[in-house]
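Working notes for the structure below.
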Amino acid sequence: MSDTQEYELPTAAAAMPGLKVAILGAGKMGGILLQAFLKNNLLHPDQIVATVAHPERAHALSTQFGVQVGTDNLEAAHAADVILLGVKPLQVPALVEQIRPALTPQKVLLSFAASVKTSAIEDAAGMQLGVIRAMPNTPAMLAAAITALCAGRFVTEEQLGIAQRIFATVGRTVIVDEKHMDAVTGLSGSGPAFIYIIIEALAEAGVNVGLPRDVATLLAAQTTFGSARMVLETGYHPALLKDAVTTPAGCTVDGILELEEGGLRVTLIKAVKRATQRARELAAG
Ligand SMILES: NC(=O)c1ccc[n+]([C@@H]2O[C@H](COP(=O)([O-])OP(=O)(O)OC[C@H]3O[C@@H](n4cnc5c(N)ncnc54)[C@H](OP(=O)(O)O)[C@@H]3O)[C@@H](O)[C@H]2O)c1
Numbered sequence: 442m443s444d445t446q447e448y449e450l451p452t453a454a455a456a457m458p459g460l461k462v463a464i465l466g467a468g469k470m471g472g473i474l475l476q477a478f479l480k481n482n483l484l485h486p487d488q489i490v491a492t493v494a495h496p497e498r499a500h501a502l503s504t505q506f507g508v509q510v511g512t513d514n515l516e517a518a519h520a521a522d523v524i525l526l527g528v529k530p531l532q533v534p535a536l537v538e539q540i541r542p543a544l545t546p547q548k549v550l551l552s553f554a555a556s557v558k559t560s561a562i563e564d565a566a567g568m569q570l571g572v573i574r575a576m577p578n579t580p581a582m583l584a585a586a587i588t589a590l591c592a593g594r595f596v597t598e599e600q601l602g603i604a605q606r607i608f609a610t611v612g613r614t615v616i617v618d619e620k621h622m623d624a625v626t627g628l629s630g631s632g633p634a635f636i637y638i639i640i641e642a643l644a645e646a647g648v649n650v651g652l653p654r655d656v657a658t659l660l661a662a663q664t665t666f667g668s669a670r671m672v673l674e675t676g677y678h679p680a681l682l683k684d685a686v687t688t689p690a691g692c693t694v695d696g697i698l699e700l701e702e703g704g705l706r707v708t709l710i711k712a713v714k715r716a717t718q719r720a721r722e723l724a725a726g
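Pasting the structure below:
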């Protein structure tokens, strides 16, 4: 490794010492994970090897993080115990076939490509090895993601535990059956976009009733954040929390009537259903 000037070498032991991890396709999501591994001291830079398509990007990433980044997937896969697949969904089978000579039944393939089934990856690998599929979302950038994980046929509890620790660096994790992964894509994968539209609309509404735009956006975003925390941390049903805000003959109930008349609830249900359906279509190729 030539250049580590932008990255300070850690002094403490890594949380997962001895584990070698390859990130094949360190793009947006792979890059977020790479940074999270280092920031959380899950792995030391010398435990990580990554690849991208363009040599100049490899050089830039390597310089920025002090990690070995190249364009040779096979070499990277040879060096790793856990191999993260971060390329676009359509590229995944070819990538797995490319690295096949480096695969052994002890290695784990951890794919975060949308819609690609564990069975497709197992077939491309041509052997009985652990394949885990993950669906993170973009709040991973702030370690506020939710990542759903599902296991292929040959995954051990220990391997699933490693995958959970890997994705815990970017937020919360949940394990689901693979049959639910398209629904996860439709809800939490696409979900941030739906929520941004709601925040944008609330902020627009604030401007409409006379608030300065920056104040309106802050109120809308922090209200969304606080409400989500209430659901997560109290464990109360959202309807109960809504009822607590809704005083008889008050302002909120008038607003809720407008929401119901406008079909917000049904529209959101339809949006998630449509996104789930699309994820299913993508999986079918
Ligand atoms: N972004 C999200 O919010 C999100 C959420 C969940 C899941 N995902 C999944 O994550 C995967 C990547 O998405 P992304 O948004 O991170 O895309 P991206 O930024 O385009 O990243 C793809 C990366 O793959 C690299 N690459 C392309 N061909 C390669 C090859 N043959 N060998 C090695 N690396 C190669 C690209 O290299 P260059 O940089 O040199 O072009 C790029 O760094 C997708 O499968 C997507 O479904 C993304």
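Each number in this note's numbering corresponds to the 1-based position in the sequence shown with 441 added.
No residue lacks a Cβ here, since even glycine has one placed at the ideal position from N, Cα and C.
(request) With a threshold of 6 Å, establish whether the CB of His519 neighbours any heavy atom of ligand 1. (result) Placement of the Cβ of His519 at a distance of 6 Å or more from every heavy atom of ligand 1 is found.
(request) Please classify Ala392: does DSSP put it in a helix, a strand, or coil? (result) Residue 392 falls outside the range modelled here, since the chain spans only 442 to 726, and no answer is possible.
(request) Starting from Gly571, trace the alpha helix (DSSP H) both ways and give me its first and last residue. (result) Run containing Gly571: none in the alpha helix (DSSP H); it sits in the beta strand (DSSP E), Gly571 to Met576.
(request) Taking Leu465 and Leu551 to be in contact with their CB atoms under 8 Å, please state how far apart those CB atoms are, rounded to whole angstroms. (result) With a contact defined as Cβ atoms closer than 8 Å, Leu465 and Leu551 miss out at about 10 Å.
(request) Out of Met576, Ala581 and Ala543, state which residue places its alpha-carbon closest to the alpha-carbon of Ala565. (result) Nearest C-alpha to Ala565: Ala543.
(message) Quick check on DSSP: helix, strand or coil for Ser552?
(response) Looking at Ser552 - three-state DSSP - the assignment turns out to be strand.
(request) Go ahead and pull the three-state DSSP assignment for Gly567. (result) Three-state DSSP puts Gly567 in coil, outside helix and strand.
(request) Consult DSSP for Val490 and reduce its assignment to one of helix, strand or coil. (result) The three-state secondary structure of Val490, taken from DSSP, is strand.
(message) Going by DSSP, what residue range makes up the alpha helix (DSSP H) through Arg670?
(response) Its alpha helix (DSSP H) spans residues Arg654 to Thr675.
(request) State the Cα-Cα distance for the pair Thr445 and Asp513, rounded to the nearest angstrom. (result) Residue confidence for Thr445 is low, a pLDDT of 40 falling below 50, so the modelled location carries little weight; the figure read from the coordinates is stated next. Distance between Thr445 and Asp513, taken at the CA atoms: about 21 Å.
(message) Alpha carbons only, please: which of Met470, Asn481, Ala518 and Ile573 is nearest the one belonging to Glu599?
(response) Looking at Met470, Asn481, Ala518 and Ile573, the one whose alpha-carbon comes closest to that of Glu599 is Ile573.
(message) Would you say the beta carbon of Met582 is closer than 6 Å to some non-hydrogen atom of ligand 1?
(response) Not so, every heavy atom of ligand 1 lies at least 6 Å from the Cβ.
(message) Counting beta carbon pairs with one atom in the region 591 to 607 and one in the region 554 to 563, are three or more of them shorter than 8 Å?
(response) By the criterion of at least three beta-carbon pairs nearer than 8 Å, the region 554 to 563 is in contact with the region 591 to 607.
(message) Shorter than 6 Å, the distance from the beta carbon of Met622 to the closest heavy atom of ligand 1, or not?
(response) Checking every heavy atom of ligand 1 against the Cβ of Met622, none is found closer than 6 Å.
(request) Verify whether the separation of the beta carbon atoms of Val508 and Pro486 is less than 7 Å. (result) Contact flag set, yes.
(message) Measuring straight from C-alpha to C-alpha, what distance separates Asn481 and Ala586?
(response) Asn481 and Ala586: Cα-Cα distance of roughly 15 Å.
(request) Count the CB pairs spanning the region 453 to 471 and the region 489 to 505 that are closer than 8 Å, and state whether there are at least three. (result) Touching, yes.
(message) Am I right that Val615 and Ala589 are in contact with their C-beta atoms under 8 Å? What's the rounded C-beta distance?
(response) Sure, about 5 Å apart at Cβ, within 8 Å.
(request) Please name the residue in Leu700, Gly696 and Met576 whose C-alpha comes closest to that of Gly471. (result) For the residues Leu700, Gly696 and Met576, the minimum Cα distance to Gly471 belongs to Met576.
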